[in-house]
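Chemist: The structure follows.
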Amino acid sequence: MSELQKTFSIIKPDAVSTGKAGKIISLLEDSGFRIVGLRMTKLSQSQAEGFYAVHSERPFYRSLVTFMTEGPVIVMALEREDAVKKLREVMGATNPANAAEGTVRKLYAESIERNAIHGSDAPETAADELQYFFTAIELNQL
Ligand code: ATP
Ligand code: MG
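Each residue of the sequence shown is one higher than the one before, starting from 7 at the first, in the working numbering.
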């Protein structure tokens, strides 16, 4: 039996501003995730730059940082078995045009950039990203 695992997710500004946050949270809960941490926040430019630093040399980096800072986001710590991999499945492909039926991005993403949701891509990234947004005290309570 596989262990419970935590992962990190962001409901991005496009989905929050168009009123899709509740539907996305419901879909995640219906997919077996338990919400163990959740906060609405607005990313500063330096927070968004740091969060997506791995993409700093990509042509879409400046536009991505502008998008991620345009309005409120919801940051979440999610728990289930095999959480990192399962969240990526439920999210769907980065480009909604390639996302499978029933995935968050197929249902709610507007474009390859404005794609509704972020999810950590590996257990190590999940640990880093959880620490980026939640304090040690919060994480110990999760
Ligand atoms: P995320 O890291 O947000 O969960 P992902 O892992 O599916 O998404 P990445 O390749 O890590 O995709 O890209 C990070 C984000 O950058 C994407 O989710 C999207 O918002 C944006 N992005 C990726 N590729 C492009 C592109 N070609 N043009 C515009 N924006 C892009
Ligand atoms: Mg990614």
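Beta carbons: idealized from backbone N, C-alpha and C, even for Gly.
#1: Could you check if Ile118 belongs to the surroundings of the ligand ATP, using beta carbon to heavy atom distance under 7 Å?
#2: For a quick check, are the C-beta atoms of Lys29 and Ala83 less than 8 Å apart?
#3: Could you compute how far the alpha carbon of Arg86 sits from the alpha carbon of Ser37?
#4: Kindly confirm or deny that the segment 65-78 and the segment 119-128 touch, where touching means at least three C-beta pairs closer than 8 Å.
#5: Out of curiosity, what's the CA-to-CA distance linking Gly108 and Ile123?
#6: Looking only at C-alpha atoms, which of Lys92, Ala89, Lys112 and Val90 sits nearest to Thr100?
#7: Is any heavy atom of the ligand ATP found at a distance shorter than 7 Å from the C-beta of Phe39?
#8: Could you tell me the boundaries of the alpha helix (DSSP H) in which Gly25 lies?
#9: Compute every distance between the C-beta of Asp127 and the non-hydrogen atoms of the ligand MG, then say whether any falls below 7 Å.
Modeler: Once the coordinates are examined:
#1: Relative to the non-hydrogen atoms of the ligand ATP, the Cβ of Ile118 comes within a distance shorter than 7 Å of at least one.
#2: Going by beta carbons, Lys29 and Ala83 fall outside the 8 Å limit.
#3: Cα atoms of Arg86 and Ser37: separation of roughly 9 Å, rounded to the nearest angstrom.
#4: The segment 65-78 and the segment 119-128 touch, with no fewer than 3 CB-CB distances between them shorter than 8 Å.
#5: Looking at the two C-alpha atoms, the distance is approximately 14 Å.
#6: Scanning Lys92, Ala89, Lys112 and Val90 for the CA closest to the CA of Thr100 turns up Lys112.
#7: The closest heavy atom of the ligand ATP lies 7 Å or more from the beta carbon of Phe39.
#8: Gly25 -> no alpha helix (DSSP H), and no H or E assigned at all.
#9: Yes.
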